[in-house]
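Following: one structure in structure tokens, then a few remarks.
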Amino acid sequence: MWKIKKQGGIKNDEKKKIKLGVLTLLSVLSVSSAVFAGSYGGYSLPVHQGNTYWGEAHKSRGANSCVYNQVDLLTNTSRATFWITQSNKNQYSNDYYFQVGDKKNMYSYGAISSGYVGMENYYNSSTEAYVDGWINFN
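Be aware that the sequence shown starts at 22, since it is given in my numbering, and climbs by one per residue.
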């Protein structure tokens, strides 16, 4: 008969190393996904529908055509216009109109790996407006 030698289980030190490795991996993954999203608060919407841009030539995780945007607060206006741009700030999507509480995916005309989100006050007002929200470049 063959004798089967019983192997010992995973030792406590090995368990700790495995747990540490898993936690490290999860931390890296959560930090890397946070790089592609961000909030904007009190972001100025210039007078007379002047354009402003958010994202600092933000790079997505790869060529993509979708940007998620949500508007949490508008000050001195009830509506704002958003659009996707290429890194040279040329518009590369249709206009999307947001009111407080709106959450939408915005789609560019084609794949884009670097660019901004443009925004302006929907109304041609002589008063500066402000917007707070959150963007994910997917």
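Cβ coordinates follow ideal geometry from the N, Cα and C atoms, glycine included.
For the ligand NAP, I want to know if L95 counts as a neighbour, meaning its beta carbon is within less than 8 Å of at least one of the ligand's heavy atoms. Annotation note on the ligand NAP: not contained in the displayed structure, which lists no ligands.
May I have the straight-line CA-CA distance separating N90 from Y143, to the nearest angstrom? Translated into the one-based positions of the sequence shown, residue 90 becomes position 69. Translated into the one-based positions of the sequence shown, residue 143 becomes position 122. Computed Cα separation, rounded: 16 Å.
Determine whether the beta carbon atoms of Q112 and G76 lie at a separation below 9 Å. Mapped onto the sequence shown, residue 112 falls at position 91. Mapped onto the sequence shown, residue 76 falls at position 55. Contact flag unset, no.
Count the other CB atoms, across all protein chains shown, that sit within 10 Å of the CB of Y137; report buried if there are 16 or more and exposed otherwise. Walking along the sequence shown from the start, residue 137 turns up at place 116. With 16 or more Cβ atoms within 10 Å of its Cβ, Y137 is classed as buried.
Give me, in chain order, the residues of the same chain whose beta-carbon lies closer than 6 Å to that of Q107; leave out the 5 immediate sequence neighbours on both sides. Against the sequence shown, residue 107 aligns to sequence position 86. Excluding sequence neighbours, Q107 sits near Y113 and G136.
State the beta-bridge partners of E141 as determined by DSSP. Sequence index remark: in the sequence shown, residue 141 carries index 120 (1-based). E141 is bridged to T102.
Report back the beta-carbon spacing between T73 and A150 to the nearest angstrom; my notes put them in contact at under 8 Å. In the sequence shown, the residue the question calls residue 73 occupies position 52. In the sequence shown, the residue the question calls residue 150 occupies position 129. In fact, because the Cβ distance is near 10 Å, the residues do not count as touching under 8 Å.
Between the CA atoms of W155 and S60 - distance to the nearest angstrom: By one-based count along the sequence shown, residue 60 stands at place 39. By one-based count along the sequence shown, residue 155 stands at place 134. C-alpha of S60 to C-alpha of W155: approximately 4 Å in a straight line.
Quick one: give me the first and last residue of the beta strand (DSSP E) that V68 is part of. Sequence index remark: in the sequence shown, residue 68 carries index 47 (1-based). Run containing V68: none; DSSP gives neither H nor E here.
With 16 other Cβ atoms within 10 Å as the buried cut-off, status of L94: Taking the first residue of the sequence shown as 1, we reach residue 94 at position 73. By the 10 Å Cβ count, L94 comes out exposed.
Measuring alpha carbon to alpha carbon, tell me which of F158, K124 and D153 ends up nearest G63. Residue mapping note: residue 63 aligns to position 42 of the sequence shown, counting from 1. If we check each option's Cα against that of G63, D153 comes out closest.
Using three-state DSSP, classify D123 as helix, strand or coil. Taking the first residue of the sequence shown as position 1, residue 123 is located at position 102. In the structure shown, D123 sits in coil (DSSP, three-state: anything other than H, G, I, E or B).
In the DSSP output, which residue or residues are listed as bridge partners for A132? As a position in the sequence shown, residue 132 is number 111, starting the count at 1. None, per the DSSP bridge assignment.
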